[in-house]
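Q:
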Amino acid sequence: MDYNKKRYLEGNRNEFSGKVIKTMKDGDHYRDNKYIVIAPYHKIQIPTEIFYEIAVGDSAYKKKGEDTTYYQLKNGKVLIEDRNKYPREAYLKLIKDKSP
Numbered sequence: 005m006d007y008n009k010k011r012y013l014e015g016n017r018n019e020f021s022g023k024v025i026k027t028m029k030d031g032d033h034y035r036d037n038k039y040i041v042i043a044p045y046h047k048i049q050i051p052t053e054i055f056y057e058i059a060v061g062d063s064a065y066k067k068k069g070e071d072t073t074y075y076q077l078k079n080g081k082v083l084i085e086d087r088n089k090y091p092r093e094a095y096l097k098l099i100k101d102k103s104p
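Sequential numbering of the sequence shown, starting at 5, is according to the working numbering.
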């Protein structure tokens with residue numbers, strides 16, 4: 005299976021839902037990877053801009069078969085992330101390039 009197709013389908017099949025129990029990052033630099041941990045224990049890499057808005061007690065969920073992740077903040081605000089954007093674009097380009 006082509007790498008781009010595999011990467012897209014794996015991301016599309018992924019699902020999770022839960023309360024944020026911890027936020028963490030790889031280092032102190034702005035570009036370091038940022039994560040949330042949702043109960044019971046599922047570590048999820050998130051974009052920097054979402055990391056600085058989300059807090060313990062907020063919720064995160066992504067449905068299987070969808071590319072979108074939703075972050076429900078305690079203040080009622082909902083953040084939306086197109087979690088599979090780049091793998092999807094690479095996969096669609098692959099399909100387009102293979103078609104006659």
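Every residue, glycine too, gets a C-beta built ideally from N, C-alpha and C.
Ignore the nearest five residues each way along the sequence and tell me which others in residue 95's own chain have a CB closer than 6 Å to its CB.
A: 8, 9 and 12
Q: Starting from residue 7 and walking both ways along the alpha helix (DSSP H), at which residues does that stretch end?
A: 7–17
Q: Taking buried to mean at least 16 other C-beta atoms within 10 Å of its own C-beta, is residue 88 buried or exposed?
A: buried
Q: Quick one: grab the DSSP three-state call for residue 32.
A: coil
Q: For the beta strand (DSSP E) containing residue 75, name the first residue and the last one.
A: Unbroken beta strand (DSSP E) run through residue 75: 72–76.
Q: Of the residues 61, 90, 79 and 54, which one's Cα is nearest the Cα of residue 71?
A: 90
Q: Give every residue of the same chain whose Cβ lies closer than 6 Å to the Cβ of residue 22, excluding the five residues on either side of it in the sequence, and list them in chain order.
A: 42 and 43
Q: Who are the Cβ neighbours of residue 84 in its own chain at under 7 Å, not counting the five residues just before and after it?
A: 72 and 74
Q: Rounded to whole angstroms, what's the CA-CA distance from residue 20 to residue 48? Just pull it up for me.
A: 9 Å
Q: Compute the Euclidean distance between the alpha carbons of residue 66 and residue 100, then round it to the nearest angstrom.
A: 27 Å
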